[in-house]
Every structure is written in structure tokens, then in C-alpha cells.
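Protein chains in written order, with the working numbering: chain A, 15 to 433; chain B, 15 to 433.
The beta carbon of each residue, even a glycine, is placed where N, CA and C say it ideally should be.
Only one structure is covered here, and it is reproduced in the block below.
There are 2 protein chains.
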Amino acid sequence: MNKRLTSEEKTAILATERERLARYKAMGLKLDMSRGKPCSEQLDLSMGLFDQITSNTEIKGVQDYRNYGITDGIPELKRIFQELINVDENELIVAGNSSLNLMYDTLQRAMQFGVCGGEPFNKQGKIKWLCPVPGYDRHFSVTEVFGIEMINVPINPEGVDMDEVERLVKDDDTIKGMWCVPKYSNPQGIVYSENTVKRLAALKPKAKDFRIYWDDAYMVHTLTDEGDTLTDILAEAKKLGNEDIVYMFGSTSKITFAGAGVAFIAGSAKNISEIKARMFIQTIGPNKINQLAHALFLKDTKNIAALMRAHKDILKPKFDAVIEILEEELSGLASWINPRGGYFISCELPSGTAAKTVALAKDAGVIFTPAGSTYPYKKDPSDSNLRIAPTLPPIDELKTAMRVFCAAAKIAYLEKELT
Amino acid sequence: MNKRLTSEEKTAILATERERLARYKAMGLKLDMSRGKPCSEQLDLSMGLFDQITSNTEIKGVQDYRNYGITDGIPELKRIFQELINVDENELIVAGNSSLNLMYDTLQRAMQFGVCGGEPFNKQGKIKWLCPVPGYDRHFSVTEVFGIEMINVPINPEGVDMDEVERLVKDDDTIKGMWCVPKYSNPQGIVYSENTVKRLAALKPKAKDFRIYWDDAYMVHTLTDEGDTLTDILAEAKKLGNEDIVYMFGSTSKITFAGAGVAFIAGSAKNISEIKARMFIQTIGPNKINQLAHALFLKDTKNIAALMRAHKDILKPKFDAVIEILEEELSGLASWINPRGGYFISCELPSGTAAKTVALAKDAGVIFTPAGSTYPYKKDPSDSNLRIAPTLPPIDELKTAMRVFCAAAKIAYLEKELT
């Protein structure tokens, strides 16, 4: 839709779109596009995991995995992740099913106990955190509950505005960390460039207890045949003797099962050994049987790549359908990036229309992620960014939901223009 | 062994026991009696759990449990625990595989955020905790890492010295909580009496944010046919409008698998709703597939009781063997309680001989739980209490280990007497 229309033309389109939205509303839709959940067909890909261990399986490894012990995960599974993310055995902990849980706990430990000998964050007064925006709402919720002041840093096609990051951390030792989703970023699908990763690996913040929380949530979640390569931040940091700068996180939530996967934290031997010692007090260790089932099912990185191609075959048509409808309906009005991986499409609507768009869609029976969710404190300064999650719904529902989205976006824009 | 022997008699026995221990040492034993782990035969009892879910299982319930969602556990499993511990749906969270993790996280939340609107413990200056002794080392490690001052309270045959507990909490609002293992206590196997539980349920500490951490680790872990009934602390507290006083914890670590079970926290609706809201920020939720497998395998409380009888049939001969050897060798020298359930036998040696006993046994190739472990800060004021864990070793090894234990205990005592 072209923005350079006469008022009359706009009024006419508004009437048409309102009529169209009313027709959708009359259909009694109940669609939920709000979360980046895998769909049933994707979950079906890993059902074989449930056959790996039966009552006839002899559970053996370095010990009986049915029993207590092993804080950092079983070696059979660690080996697979070691290869996947290029770390050594002592640079990795494989834990339970939630990488969010690992990030939260890691920050909580820093709050309570400090980082590598530093004062507990709780005792350092007001502290701050860098938040590339738009970003992942659940990251922001974690820093928010700890009362950490969040500073927006713009994301750009290279990943994140590194001039701004370097400028901010250079002199301010109250800035203690930074969220990053470096590959197929949530929500825009941007892959951090080699230059960006190298500058992050070389970061020398004034605060010695500053850490990059590197949430590699979509490390193998490509939507193309060729995939993308993310520069290895830990390897780059090691070259500079700066390897304590980063904690890396990831999980199989969108490789095997979102409700029953395995998650990891990785980093320098020093960082990991500190975390392991604290985890030993916190827990008896992870569910090792689920870890063993994952090791047997995932086998190796080559097999993981094959599994991810099967995910791609399911997801690509859904992403294509969303992009096609956006291009058909919102070209000239909104902008978006066609992602090469990840779970989202980020749509930039005209300023001041995102919340209204979501409200109109909701009224017509389609739930989108609330406006503002992609920003700290749920405050999108320009009320323009919306996150579209195409993965969960069947493709027909997805198309219907996107038609509702486009009608709502146009109405929100036109109502604003015409009043 | 009688303590009223002449020096000559003692010297003779010492020589004999040293010779005996040397013979054991020459056998090159490598036995570990240190932890309360279930043995292989016990773990075999639950292998059927691994057949509950296969690639042919249609995973359905209130939602697709393979996907994200449900912070407090799936209803199928919650119903079983609700019946087992007599709580409502909104008084229970079923989580991952470690109740220790739930206890740690609950205390960490209190440190960081406070309890039901109270100031964060972190901001209240020095705080204290009541620790019935002897007790569970991993409880004490948790309170220790948070820098909480631990106060020993004597355990007695009724459970715990309630006069002392009531006296301490009445006027001191820096005392914020208390560890309890109310049934078959670790390590003595004591069951808190009805009177003790009722007094705890009625406790009115000066600190409004005081909580009893009720670790019902051995709720169904009986070694007798008739079992024991623990008075329901939450029900008693409700009668008095005092239901926020207690958090209850438990797990299936010693019902199904120590490395792959499910754990819960229960309490008043108010307590649980506060915890659930905070957990929602912390994690994407528990492994629901393992929860479903547990629900299908455990079925109901009657079936759990049958499973626990099978555990008892494996464990009872081991406990009997330990008691028999203790009676044969250490009567008159040491004391112990023959437990009706739980995982341990607590042995009270002559003062100042426990550490030496463990060292001598270790030198002969048998590892026992370190002396002092059953006390806060690993400091047993009389260096007399040792925890014997009979469950893991095969019975022949157990008998050998106990012979070594008895020889070591006698040597430690006699060496002390004779120098």
C-alpha cells in the first residue's frame, strides 16, 4: 500500500479494510500467533528419541545414569555439543531442558555471589545491561526482575551497533552485561557479522565482571540450503586472551522437543569451573536419562544437520507464505527482513500503529505478540515493531492470520492518518 | 565392646583389631559407603517407566506435552502427588528432577526478592537458620553458601527440641527458616511425632517471612510392613490459619530414578502462587515428557505403595546386616537407632573418635561419609556422629565394609584411651 494516497483514496481503503476485517471477525477465528513454538510436524521428527531407551536398555556409560551424580552432563552428550559449538570438555555444562533457566540462574549467581571473585552485583548499587533492540522479551524480563537498568542499543544489519556498545562499556563500570542472539536474531533473523563478533570478542569493558550472554538459540536453525556461519566468539576471544568475556547458551528446544530437550552453557574453563562449583550446591545434577536419549538420538553434528533440514522443509513454506502476503499487502507501508533462519519475522509498521494493529487483530480473533514485547520494559519507543511467529499454525491458518494482520495494520495506519 | 576393660585388655584388643584391619587393607578393597544412593536392583524396579512413551505414543493431555508451556507441571502427575501429600491443585508445583534444586531456588528467591512482600533477605543484614542436628549435609551447604548463620537445634526421639525452637524464634526476627526432614530423618530415621508437627504447624516466629523447609524426602520410604504416618503439617497449619509457615518438598529420586525423577514443592496457595509467578520468569517449564512417563508409570498412590514395598524387600536385609554387625561388635561402645525407614543408620561413637574412624576405614579402602558432615559447617562438636549408608553396595560388600567400620571404630577409641 502506497502512503502517498489522497484522503479520499485513504478513506475508501479504510472502509474496504474494515469490511474485510469484519468478515474475518464473523468467522469466529481463534488463532494464536504469539509464541515461537515448533509445530506438531516438527515435534514428530524427534519421536524416535522416545525409542532410544526402553526397559531392555542396559543403561551404562561412565556410571549408571539412572542414579545420582554428574553435575555437568554425561560425556556422550557433551561430546556432541563440544563438536557442534567447538568447545572443550571443561568449557561446557549440559543441563536440564531450559536454556532460559541457565541464563536466569547465571545472572542470579552473579547478583548473589559476583563473577569470578568480583563483588556480588547485589552489593554494587545500580547496575545496567545492554539490550540490542528489538530483542527477545524473556531476556528482558530476566534483567527486569533483578532491577537491572536496561539500555537499548540499536540492532543493525551487521548485528548490533558496535560503536555504541564500545562507547558505553568503555568508561561505565556499572554496565555488567549484554544480551545477544547472534544468529538469526529474535525477532529480525539477523546474523552477527564476522566484524561484529570479533569486536565483541575483543570487548574490554571497564567492569571486569561484565559478561556477554550469547544466546545461540538458533545455531542450526536455518531456512536455507546453504545455511550461515556465525564467527566463533569464544575462539576469537581466546586469541586475545579475553575468553572470560562471554557465556554461551543454547538448547535442543527447537531441535528435538521444546518441552523436553536439553540445554547447555559454555565458556572459558575458568567461567565454567566457577559455575559448576556453584551448581553442585544447587542441584543433584541434570536428568541424565534424557541426556542419554538425546545422545543416542542426535548421534553427531551431521545427523543434527539432517534433522534441521527436515525442520526447514516444514518451516520454509510458512515463512514464504508470510513474506508473500506482507509483500502483496504492506509493501510501501511497512518493512521487514526476509530471514534466512530462526523463528520469527520482524515487521516494522508506521510509527504509533503497532499496538493498535495487535488490538484490532485480537478483536478479530487472532493473537499476535503484544506490541512493545520486543523492547525492554515492553516499551517500543516508536510503537512500530511487531514480531510474527509463523512456525506453530498450520499454513492455512497462518495465511488467514496474516490477512487479518495486514488488514489490521492498514486500518491502524489509516485511522491514524485520517484523524 | 565393653568400655570397662583394663589397660592390658585394651592393649590386647587394639593389637587384634589393628591386625584385622591390616588384613582388610591387604584385600585391596575399594568400597564407597558415603552416599545414600539407591542400588541397581532398586533402579531396575522402575525400568518399565522407559516403556511408557514410545514413538507410537500419542502425546496428549491438556496440551501437546512435547511443546513449551505449563510452569507448574502436568495435571496427570499433579493429581498423583495431590493425593499422596494431600494438597490441592493450586498448592503444588511439580518440576524437574531435583528437590534440592527447588529448595535452593526457593531460598535464593527469598534472598533476592523476599518472601510474600517482605524485604529481600539480602537486605536484612545477618540472618539465621535453625538446623536440627544431626542432619542432611546438602541442606547445610545451601544455607552456608548464602552466608546464613546456622544454629544447631538438638534432634530428639519426638523429632526436634520444640521448646528450643519456640524459644529461639519467638523474639529473634533474624531467624528466617528451619530445615526439617520430618519422616525417617537423615541420618537417624526419626519420625516427627504428632505433637512436634502440631507445634511446628502452630509456630509463630517473630519474623513474618520465616518458613519451615519441610523436606519430606522419605515420605513413602518405609522399611517395615506397616509403615509410619507423619502428621500432615499443612493441614494442621490450615486449621490455625497459619498455612504460610511451611514449604513442603519431595521427589521420586528414591522411588523411580535418582538421576531422572520428578520433584515437587507444595504449600499454601499464597506461597505457591508467589513461587509460580517467579518461576515463570526463570524457566520455560519442566520436562513434561518425563512427567507424563512418571504419571503413566506411577499411576496412583496404591501403586506407589506397592513399588515401595519392592524397594523395602531389597533394602531391609541390608539394614538388618548393618544393625546385626553393629550389635555384635560395638554394643557398649557406640549407640544407634534401628530405623523404620529412610536411607541411613546414624551411629554415635565415643566422643572424639569419628574423624579417626573414617580415616582408618579410608586407609583400609572403605569410604564413609566424612565425620562432621551431619552438622552445619561440617563441625560435629563432639566428633562422634557418623552416617552409614547401607543402600548402594551389594550385601556382601556391605558386610565387609561394616567389619572395617567396626574395627576402625574400636581402634580409634582404644588409641584415644591408651594415649
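Start and end residues, alpha helix (DSSP H) containing residue i
{"i": "residue 331/B", "result": "315-344"}
{"i": "residue 212/A", "result": "208-215"}
{"i": "residue 176/A", "result": "176-185"}
{"i": "residue 2/B", "result": "Nothing about residue 2/B can be reported from this structure: the residues present for chain B run from 15 to 433 only."}
{"i": "residue 34/A", "result": "21-40"}
{"i": "residue 108/A", "result": "Note, residue 108/A: premise wrong, no alpha helix (DSSP H); beta strand (DSSP E) at 106-108."}
{"i": "residue 247/B", "result": "247-253"}
{"i": "residue 442/B", "result": "This structure gives no information on residue 442/B, because the portion of chain B shown stretches from 15 to 433."}
{"i": "residue 396/A", "result": "Per DSSP, residue 396/A belongs to no alpha helix (DSSP H) and is neither H nor E."}
Contact under 8 Å by Cβ, residue i with residue j
{"i": "residue 247/B", "j": "residue 217/B", "result": "no"}
{"i": "residue 425/B", "j": "residue 202/B", "result": "no"}
{"i": "residue 325/A", "j": "residue 56/A", "result": "yes"}
{"i": "residue 9/A", "j": "residue 88/A", "result": "The first residue shown for chain A is 15 and the last is 433, placing residue 9/A beyond what the model contains."}
{"i": "residue 197/B", "j": "residue 239/B", "result": "no"}
{"i": "residue 147/B", "j": "residue 389/B", "result": "yes"}
{"i": "residue 124/A", "j": "residue 278/A", "result": "no"}
{"i": "residue 177/A", "j": "residue 167/A", "result": "no"}
{"i": "residue 314/B", "j": "residue 284/B", "result": "no"}
{"i": "residue 236/A", "j": "residue 355/A", "result": "yes"}
{"i": "residue 412/B", "j": "residue 332/B", "result": "yes"}
{"i": "residue 398/A", "j": "residue 342/A", "result": "no"}
{"i": "residue 51/B", "j": "residue 406/B", "result": "yes"}
{"i": "residue 229/B", "j": "residue 195/B", "result": "yes"}
{"i": "residue 145/A", "j": "residue 169/A", "result": "no"}
{"i": "residue 391/A", "j": "residue 158/A", "result": "yes"}
{"i": "residue 115/A", "j": "residue 304/B", "result": "no"}
{"i": "residue 268/B", "j": "residue 206/B", "result": "no"}
Proximal chain B residues relative to residue i, where beta-carbon distance stays under 7 Å
{"i": "residue 52/A", "result": "81"}
{"i": "residue 302/A", "result": "273 and 274"}
{"i": "residue 156/A", "result": "295"}
{"i": "residue 136/A", "result": "136"}
{"i": "residue 357/A", "result": "Those within 7 Å of residue 357/A in chain B number zero; the least Cβ separation is about 12 Å."}
{"i": "residue 71/A", "result": "64"}
{"i": "residue 61/A", "result": "69"}
{"i": "residue 159/A", "result": "295"}
Residues that residue i contacts on chain A, provided the C-beta gap is smaller than 7 Å
{"i": "residue 68/B", "result": "64 and 65"}
8 Å contact criterion, which residue i and residue j should meet: CB distance rounded
{"i": "residue 307/B", "j": "residue 96/B", "result": "Actually they are not in contact, since the Cβ atoms of residue 307/B and residue 96/B sit about 18 Å apart, beyond 8 Å."}
{"i": "residue 273/A", "j": "residue 81/B", "result": "5 Å"}
{"i": "residue 319/A", "j": "residue 183/A", "result": "Contact flag wrong, Cβ pair sits at about 36 Å."}
{"i": "residue 94/A", "j": "residue 286/A", "result": "Actually they are not in contact, since the Cβ atoms of residue 94/A and residue 286/A sit about 17 Å apart, beyond 8 Å."}
{"i": "residue 156/A", "j": "residue 280/A", "result": "Contact flag wrong, Cβ pair sits at about 19 Å."}
{"i": "residue 255/A", "j": "residue 113/A", "result": "Contact flag wrong, Cβ pair sits at about 27 Å."}
{"i": "residue 188/A", "j": "residue 142/A", "result": "5 Å"}
{"i": "residue 190/A", "j": "residue 163/A", "result": "The Cβ separation is near 10 Å, so there is no contact."}
Residue range of the beta strand (DSSP E) that includes residue i
{"i": "residue 145/B", "result": "142-147"}
{"i": "residue 201/A", "result": "That residue, residue 201/A, is in no beta strand (DSSP E); it is neither H nor E in DSSP."}
{"i": "residue 293/B", "result": "Premise fails: residue 293/B lies in the alpha helix (DSSP H), 283-296, not in any beta strand (DSSP E)."}
{"i": "residue 163/A", "result": "163-168"}
{"i": "residue 46/B", "result": "45-47"}
{"i": "residue 435/B", "result": "In the structure as shown, chain B starts at 15 and stops at 433, and residue 435/B therefore has no counterpart that could be examined."}
{"i": "residue 402/B", "result": "399-402"}
{"i": "residue 382/A", "result": "380-382"}
{"i": "residue 192/B", "result": "189-194"}
Contact list for residue i against chain B, beta-carbon separation under 9 Å
{"i": "residue 150/A", "result": "The premise fails here: residue 150/A is roughly 12 Å from chain B at the closest Cβ pair, so nothing lies under 9 Å."}
Under 9 Å from the C-beta of residue i: neighbouring residues of chain E
{"i": "residue 200/A", "result": "Here the protein chains are A and B, and chain E is not one of them."}
Contact set between residue i and chain B, taken where Cβ atoms lie within less than 8 Å
{"i": "residue 261/A", "result": "Those within 8 Å of residue 261/A in chain B number zero; the least Cβ separation is about 16 Å."}
{"i": "residue 101/A", "result": "Those within 8 Å of residue 101/A in chain B number zero; the least Cβ separation is about 23 Å."}
{"i": "residue 112/A", "result": "297, 298 and 299"}
{"i": "residue 115/A", "result": "296, 297 and 298"}
{"i": "residue 125/A", "result": "126"}
Chain-ordered neighbours of residue i on chain A, where CB pairs are closer than 9 Å
{"i": "residue 49/B", "result": "82 and 83"}
{"i": "residue 118/B", "result": "295, 296 and 297"}
{"i": "residue 57/B", "result": "73, 78, 80 and 81"}
Contacts of residue i in chain A (Cβ-Cβ under 8 Å)
{"i": "residue 245/B", "result": "Correct list: empty, because the minimum Cβ distance to chain A is about 28 Å."}
Fill in: Segment contact, 8 Å Cβ cut-off, at least three pairs: the region 363-382 of chain B with the region 401-418 of chain B
yes
Worksheet item: Three or more C-beta pairs closer than 8 Å, one from the region 261-278 of chain B and one from the region 73-91 of chain A: is that the case here?
Response: yes
Fill in: Given 8 Å, three or more beta-carbon pairs between the region 286-298 of chain B and the region 220-233 of chain B
no
Fill in: the region 410-420 of chain A touching the region 35-43 of chain A, judged by at least three CB pairs closer than 8 Å
yes
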